[in-house]
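Peer 1:
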Amino acid sequence: DAKTTQPPSMDCAEGRAANLPCNHSTISGNEYVYWYRQIHSQGPQYIIHGLKNNETNEMASLIITEDRKSSTLILPHATLRDTAVYYCIVRVAGEGGATNKLIFGTGTLLAVQP
Amino acid sequence: GAGVSQSPSNKVTEKGKDVELRCDPISGHTALYWYRQSLGQGLEFLIYFQGNSAPDKSGLPSDRFSAERTGGSVSTLTIQRTQQEDSAVYLCASSGGQGAYEQYFGPGTRLTVT
Chain A
36 DAKTTQPPSM DCAEGRAANL PCNHSTISGN EYVYWYRQIH SQGPQYIIHG LKNNETNEMA
96 SLIITEDRKS STLILPHATL RDTAVYYCIV RVAGEGGATN KLIFGTGTLL AVQP
Chain B
103 GAGVSQSPSN KVTEKGKDVE LRCDPISGHT ALYWYRQSLG QGLEFLIYFQ GNSAPDKSGL
163 PSDRFSAERT GGSVSTLTIQ RTQQEDSAVY LCASSGGQGA YEQYFGPGTR LTVT
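Residue numbers (our numbering), protein chains in the order written: chain A, 36 to 149; chain B, 103 to 216.
1) So, helix, strand or coil for Arg103 of chain A, using DSSP?
2) Pull up the distance between the alpha-carbon of Tyr121 of chain A and that of Ser76 of chain A, whole angstroms please.
3) To the nearest angstrom, how far is it from the Cα of Leu144 of chain A to the Cα of Tyr203 of chain B?
4) Can the beta-carbon of Gly174 of chain B be found less than 8 Å from the beta-carbon of Ser107 of chain B?
5) Considering only C-alpha positions, which residue in the set B:Gln152, B:Glu170 and B:Glu122 is nearest to Arg212 of chain B?
6) Keeping to the same chain, check which residues put their C-beta closer than 6 Å to that of Asn58 of chain A; ignore five residues upstream and five downstream.
7) Taking 7 Å as the cut-off, is the beta-carbon of Glu170 of chain B closer than that to any non-hydrogen atom of the ligand SAH?
8) Are the CB atoms of Gly118 of chain B and Thr184 of chain B nearer to each other than 8 Å?
9) For Pro111 of chain A, which option in A:Lys38, A:Met45, A:Ala52 and A:Gly78 has the closest C-alpha, if you only look at C-alpha atoms?
10) Tell me the residue span of the beta strand (DSSP E) that contains Lys113 of chain B.
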């Protein structure tokens, strides 16, 4: 079962920041937080991941609370093309044969409105 | 460079027939994953390859499902004696290795069993 909880849907106005929350209260010390999104009829797309510190890349920012029990994905200037299902996933990034499989929950459907 | 490719993009087969789905990972990626997404369902893990070996087959739903990987590159997922409940989008992903590597997904193969 997925170890994360996300709201089923959110709306955001085009050009505004989209803030997508995720709860992962049972996260272990060696588990990373990953975000993927899936645009309709496409395969999932990697967005960003982090362990403890906040992270930023060209797509988004990831804010992880100090206790690591929740995080927020921020799309700074949402466009219509950002409409997708966003998945928050926690996973062990192990070596030595660890599977590293992704366990997807139901995600958040973000609808960017014009 | 080229991303993950999958073929065919669509496959319609009759119940009871065998099907083979192909995945070409990103060149140099040692880890390869198969997932499937049924209509209205989330993505579920099927099998993980590291090189040519499969240390995690825990997601294969029955012994009708098998997969192989040769030369550390191309992988084939085979479904024998297909059933209607096998209808789904089968997704392949690859990553640079074990550890905190992101997975890159292909476009998927939509399998319809009639």
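Positions of the beta carbon are idealized from the N, C-alpha and C atoms, including for glycine.
Peer 2: In this structure, then:
1) coil
2) Roughly 14 Å separates the two Cα atoms.
3) 25 Å
4) Cβ atoms of Gly174 of chain B and Ser107 of chain B: not closer than 8 Å.
5) B:Glu122
6) Thr40 and Ser105
7) Because no ligand of any kind appears in the structure shown, any question about the ligand SAH cannot be addressed here.
8) yes
9) A:Ala52
10) Asn112 to Thr115
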